[in-house]
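Under mature numbering (1 follows the signal peptide of the UniProt record, and there is no 0), the letters of the sequence shown match residues -24 to -1, 1 to 547, in that order. Taking it in order: structure first as structure tokens, then the write-up.
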Amino acid sequence: MDLSRRTVLSAAATALAFSVTGCAHTLRSAGQQTTSPAPTPTTPEPTVSTVHPLRVGTAAPPRTLDPAWADDAESHRVTRQVAETLVGVDPDTGAPTPLLATRWTITPDGLQYTFTLRPDVLFHDGTELTAETVVANVERWSRLPEELGAGRLAQMPRLSFDSVFGGYAGEDGCRFDSVEATDEATLVITLTEPVIFLLDALTAPSFAITSPASWEQAQTRMAQTPDSQLPETRVAGTGPYRWAEAGELDEAPQDDRRPLRLEIWDQYWGGRPQMGPVTLQVSPRAEDRLRDLRRDELDVFDVVTPDLLRPLVQGGAQILQRDPVSVLYLGMNLSHPVMNRLYVRQAVAHAVDRRALATEEFLAGTSTAHFFVPPSLGVDPEELTTYGYDPAEAERLLRLSSYEGEELEFLYPVYTARPYLPSPERIYARISADLGRVGIRVRPVPVPWDEDYAHRVRSHSTRAFHLGGRTAQFRDPHSFIEPLFGRDNAEFAYQNRRVSETIDLARGAADPSARRDLYAQAAASVALDLPALPLAFPISALAAGPRIQSYPVSPVLDERFDRVVPVPEQG
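Structure below.
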């Protein structure tokens, strides 16, 4: 019997004891009051003798080790272990839950959030968590343009504070007003207008709290670092792990893919993890990650590709699936003299066989995307212009567009894999072949991921196409639609004032139904303008070896290593 890749995954997933709860997202209303008690650790605190090393294989290096500057999943994967947010993510429901803040209240008008901090929490540099340190963090986020510089910031994707609050402090449209400490353990964030999803947003790893004393090194190095790069730095957090001692490993492992090591933080408020120290090993090739798992050189690795399913299942590995809360898209540069023609973009949309792409290049459960927000987040535009696979229509539109066969540059990442893009070269090849069949000539421009692919996309003015994607930082439609289309976006050179104003209205819409309607309006406009073509809502997965009993799989990648449980020792 010849098992297909999708059959193998389905059978493997059924056999696993690891389940991921898929919950339909509910858009929250303003004025929601929460006085949640502090959670207690759910796993028994191990003795020193039962702690096991954890070896994690990743497909790409982190861009930065400072969560305030991070916009990529690999940076977030690492910084989640070291630094914590005020509000955590419930692993079962995805709802906000206490973390560094034990409780909070929101005024009925949605303009003031009061947080009470967990007592007796220390940063890894020995300083104490207080309301003043949290205030310093919020003020830092609100003034990142001053810290990073306008030139560097312009070359980066939209950072979380900008996207969530509608701008930085002092900018038109920014809804952040102030933050103040009312006592040692209490702080108040005040807004000028409501941000309905603020509690959800504060679960994002970009809003992790770090020790102000540890920022000094980064600020010193900033002036010596080119605008296309971020300074090499490690900030101190409050998490269950801390960075390895200086000198044990290079301070910038992301530059040359050397392992990154995390040590257990013995004074962590939540109890000692069962696994540690942690070593993160970058292996861009899926075959190398598989080999290292087989050799017992890794305990778990991310980004399982369809080609690995058979050997993983045959070898007894555990395949751990995530719910689809990410999107893959084909970006188009509207400033390009060919791509600024709507007929050309429509032809591209009809030329790409998205159903075959989702079925043959991704894990089972991956669905074709017609918009940029995964269905589980509660936005399902009914009146949406869609573009089915129709090569004849694509050819007709090209004739109308006066396209004359110009060669069009297509950027795609190499030496990497992403949860939304497991095999970049294969997916590029399939899309370029589809385009070629209707007469669109493509020139490949492969870009190594660790050469800052995101920056290259924004700065490469002659590009026509690029592969891109996004994974939710928090469970809300805003996490997708606003960073992509909320304001002028250098990724697509796309400007639509109506779209940005509609998204801004949704930011503060108290009624969930009205908010859904606003997102649907924005979706309809984006679908007509077609600055990018949504391709798929991918299912992603990890593989775990025999030493792992359970691993905290999360659709928003809130996968803290202190929740990993090893197989009990025998005897």
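C-beta atoms are modelled at their ideal positions from N, C-alpha and C, and glycine is treated no differently.
In this structure, Ile172 lies near Ala486, with their beta-carbon atoms less than 8 Å apart.
C-alpha of Thr106 to C-alpha of Pro43: approximately 19 Å in a straight line. In this structure, DSSP gives Pro400 a helical state, which the three-state scheme calls helix. Straight across, the Cα-Cα distance linking Leu75 with Pro38 is about 24 Å.
Measuring C-alpha to C-alpha distances from Gln471 to each of Leu506, Leu443 and Arg439 identifies Leu506 as the nearest. Annotated three-state conformation of Gly444 is strand, per DSSP. Pairing Arg151 with Glu169 gives a Cβ-Cβ distance under 8 Å. With contacts defined as CB atoms closer than 8 Å, Glu337 and Arg406 qualify as a contacting pair.
About 11 Å separates the beta carbons of Tyr527 and Ala517, which is beyond the 8 Å limit, so they are not a contact pair. About 6 Å separates the CB atoms of Ala430 and Pro133; that is less than 8 Å, so the two are in contact. In this structure, the CA atom of Gly146 is about 31 Å from the CA atom of Val54. Here the stretch 152 to 164 does not lie against the stretch 475 to 494, with fewer than 3 beta-carbon pairs under 8 Å apart. Nearest to Asp66 by alpha-carbon distance, out of Ile240, Gln131, Thr179 and Glu108, is Thr179.
Between Ser476 and Arg523, the alpha-carbon positions lie close to 49 Å from each other.
If you check the CB distance, Ile515 and Gln294 do not come in under 8 Å. Residue pairing from DSSP leaves Val279 without any beta-bridge partner. Linking Leu174 to Ser377 through their CA atoms gives a straight-line distance of about 44 Å. The straight-line gap separating the alpha-carbon atoms of Leu481 and Phe450 is approximately 19 Å. In chain order, Tyr363, Asp366, Glu369 and Ala370 place their CB closer than 6 Å to the CB of His326, counting only its own chain and leaving out the 5 sequence neighbours on each side. Short of 6 Å from the beta carbon of Leu41, and not among the five residues preceding or following it, lie these beta carbons of its own chain, in chain order: Arg210. Per the Cβ contact rule, the stretch 182 to 190 is in contact with the stretch 112 to 126 (3 or more Cβ pairs under 8 Å). Taking the CA atoms as reference points, Arg94 sits about 9 Å from Trp245.
Within the DSSP secondary-structure output, Ile524 pairs in a beta bridge with Pro542. Across the structure, Pro282 and Leu374 are spaced so that their CA atoms are roughly 34 Å apart. Distance between Arg434 and Phe277, taken at the CA atoms: about 30 Å. Looking at the backbone, the Cα of Trp80 and that of Gln322 are separated by about 48 Å. Considering only Leu397, Val355, Phe513 and Phe386, the residue with the shortest C-alpha distance to Gly412 is Phe386.
With distances taken between CA atoms, Ala500 lies nearest to Thr361 out of Thr361, Val328, Glu192 and Glu458. In this structure the stretch 421 to 429 does not touch the stretch 349 to 358; the number of beta carbon pairs closer than 8 Å is below three. The C-alpha of Ser437 lies about 26 Å from the C-alpha of Leu120.
Residue range Phe152 to Asp159 is occupied by the beta strand (DSSP E) that includes Ser154. Rounded to the nearest whole angstrom, the CA to CA distance from Pro29 to Thr342 is 33 Å. Within 10 angstroms of the beta-carbon of Asp176 lie 16 or more other beta-carbons, which makes it buried. Judged by DSSP secondary structure, Ser118 falls within the alpha helix (DSSP H) whose first and last residues are Ala107 to Ser118.
Looking from the CA of Asp493, the closest CA among Val280, Glu358, Phe468 and Arg432 belongs to Glu358. The shortest CA-to-CA distance from Gln200 to any of Leu274, Leu124, Arg270 and Ser408 is the one to Leu124.
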